[in-house]
Amino acid sequence: GLGACDDRARPLASLSVGQRYRVRLACVLGAHHDLLLLDEPTNHLDASGLEFLTARLRAHPGGVAVVSHDRALLREVATHFCDLDPSPDGKPLVFGGGYEGWLEGRRRVRSAWEQAHAEQLDEHHRLARAADEARDRLRDGWRPAKGHGKHERSTRAGGTVRAFVRRREELERHRVSVPPPPPRFRWPAWDVPAGQRVLTCREVVVSGRLRTPVSFSLDTGDRLLVTGPNGAGKSTLLALLARELVPDRGAVDRRPAARVAYLSQEVPEWDPLRTAAQIYTEHVSRLGRADAPGLTSTGLLDPRAAATAVSRMSQGQQRRLHLALCLAARPALLILDEPTNHLSSTLVDGLTEALVTASCAVVVATHDRQLLRDLSSWPALALTPSGVDSAHVR
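In case it helps, this note's numbering puts the sequence shown at residues 2 to 395.
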């Protein structure tokens, strides 16, 4: 089923984080509760575990409430959605009609929200221009044509004052009550010369973690999808490519000038008192990238989140910050380990579109079924936990 642990006598403390999570999930599913409350249940599950979980949830006779970013699970299981993303009035939105109904409902709400906010801004700007024009007329005064006297000037002056006061009052009464919609994800533009060799991986092995010797080469513009069950060594391989690990056998040769960015499953150990903006600014300074985009300009974090200490940020916000740091490097090779973890479906959709057209080389390891479908045209490297003679890209 979930592949939690074959040895039931094994102490929980000796299990990995993923194994302990799968044991907890198995206990919940096996208890036959009337109502299941599941928070990100697909984390730490491989393909077989995801299929098992999906089948159990669909067959569950009681109620199921799931908090999840897994688009495939939502598509296959959910009938109604309570969307907690920002909304025009700050309240949760409820959609029926399954996954497609949720997507269509979100599109309608977003479109109406953008239009209402734009119309209020346009009206505010119109009133501000009218007030400025009335002020200019008051400042310059009315100058009657030659031959007209003081009486006409004083009569018109009173009207000019009243017009100015009226315009100012209209402007002060007007409020932009519709908040701005959250920014959409924007992939920073950078160009990497095509066809340059970035790295060559030659028969690499890590004892007990990556048993299958792996070989491949990557040039700029190349794509590689790394798949396999838990324990096959996907994260280990990505850490080797990022030089976070050293192989026990084989070698990873990287072009010296090639910049590599690595989105690992765990965020770096940042100073908990530093804000996201401070961490981002310091990172950009170390990179020496004066042309790096501003943190909020990517749409990954809004100004309020950027001003928040990382210790007070959610897992999703920390993940967004980590992704922003990777993109700020403008790398020749971008390595993404389970990039959909803790990210909203909207952001994942935008990220997926950007990965298809990015000029850098991209390596993705994932269990996310929807992402696997979206990237099914990429060259793939399938790893197995048992180990075989060698693994090559197909």
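In this text, a Cβ means the ideal position worked out from N, Cα and C, and glycines have one as well.
Cβ-based burial, Ala-362 [other Cβ within 10 Å; buried from 16]: Taking all protein chains in view, the Cβ of Ala-362 is crowded by 16 or more other Cβ atoms within 10 Å, so the residue is classified as buried.
C-beta contact flag for Ser-218 and Arg-244 at 8 Å: The Cβ atoms of Ser-218 and Arg-244 lie no closer than 8 Å to each other.
Ala-132 versus His-118, Leu-26 and Phe-165, residue with shortest Cα-Cα distance: The residue among His-118, Leu-26 and Phe-165 with its C-alpha nearest the C-alpha of Ala-132 is Phe-165.
His-323 to Arg-9 span [Cα, whole Å]: Each residue's CA atom was taken as its position, placing His-323 and Arg-9 some 37 Å apart.
According to DSSP, residues forming a beta bridge with Tyr-263: Ile-336
Inter-stretch contact at 8 Å, needing at least 3 Cβ pairs: the segment 286-299 / the segment 327-339: yes
Per-residue DSSP class, three states only, for Ala-56: helix
6 Å CB neighbourhood of Ala-310 in its chain, flanking five on each side removed: Leu-274 and Thr-276
Supposed contact pair Thr-237 and Leu-226 - C-beta distance, whole angstroms, cut 8 Å: Here Leu-226 is actually not in contact with Thr-237; their C-beta atoms are around 16 Å apart, not less than 8 Å.
Ala-131, enclosing alpha helix (DSSP H) - first and last residue: 99-141
Nearest-angstrom beta carbon gap, Ala-48 and His-368 [assumed within contact, 8 Å]: 6 Å
Arg-331 in three-state terms, based on DSSP: coil
Buried versus exposed call for His-343 [16 or more other C-beta atoms within 10 Å across all chains shown]: buried
Cβ-based neighbour list, Leu-36, same chain, cut-off 6 Å, excluding 5 preceding and 5 following: Gly-63 and Gly-64.
CA-to-CA distance, Phe-96 to Trp-103, given in whole angstroms: Rounded to whole angstroms, Trp-103 to Phe-96 spans 5 Å at the Cα level.
Burial state of Ser-346, where buried means 16 or more other Cβ atoms lie within 10 Å: By the neighbour-count rule (16 or more Cβ atoms within 10 Å), Ser-346 is buried.
Where Arg-72 falls: helix, strand or coil (DSSP): helix
Those residues which DSSP pairs with Leu-200 across a bridge: Under the DSSP definition of a beta bridge, Leu-200 partners with Leu-219 and Arg-255.
Segment contact, 8 Å Cβ cut-off, at least three pairs: the segment 350-358 with the segment 203-217: Cβ pair count under 8 Å is below three, so no.
Residues that DSSP places opposite Phe-82 in a beta bridge: Phe-96
Own chain, CB closer than 6 Å to Tyr-263, minus 5 neighbours either side, in chain order: These residues qualify, in order along the chain: Ala-243 and Ile-336.
Simplified DSSP state of Asp-40, which is helix, strand or coil: For Asp-40, the secondary structure class from DSSP, reduced to helix, strand or coil, is strand.
Per DSSP, the bridge partner or partners of Gly-226: Residue 226 is actually Leu in this sequence, not Gly. Looking at the DSSP assignment, Leu-226 forms a beta bridge with Val-365 and Ala-381.
Reference Ser-378; option with closest CA among Arg-224, Asp-71, Ala-325 and Pro-12: Arg-224
As assigned by DSSP and simplified to three states, the class of Val-29: Three-state DSSP puts Val-29 in a helix.
Coil, strand or helix - Leu-211 by DSSP: strand
For Arg-1, the three-state DSSP class (helix, strand or coil): Any question about residue 1 goes unanswered here, given that the chain covers just 2 to 395.
Residue interval of the alpha helix (DSSP H) (run including Glu-354): 346-358
C-alpha distance - His-33 paired with Gln-116, whole-angstrom precision: Our two residues, His-33 and Gln-116, have alpha carbons roughly 47 Å apart in a direct line.
Close Cβ partners of Gly-234 (< 6 Å) along its chain, the five nearest in sequence each way excluded: Contacts found: Arg-210, Leu-211 and Leu-384.
Nearest-angstrom Cβ-Cβ length linking Ala-259 and Ala-333, presumed shorter than 8 Å: At roughly 4 Å, the Cβ-Cβ gap stays under 8 Å, so Ala-259 and Ala-333 are in contact.
Three-state secondary structure assigned by DSSP to Arg-169: helix
Extent of the continuous alpha helix (DSSP H) to which Ala-240 belongs: 235-242
Exposure of Glu-283, with buried meaning 16 or more beta-carbon neighbours within 10 Å: That one is exposed.
Neighbourhood of Gly-2 by C-beta distance below 6 Å, restricted to the same chain and skipping five residues each side: Exclusion of the five residues before and after Gly-2 leaves Phe-53 as the residues of its chain whose Cβ lies within less than 6 Å of its Cβ.
Coarse secondary structure for Arg-374, derived from DSSP in three states: helix
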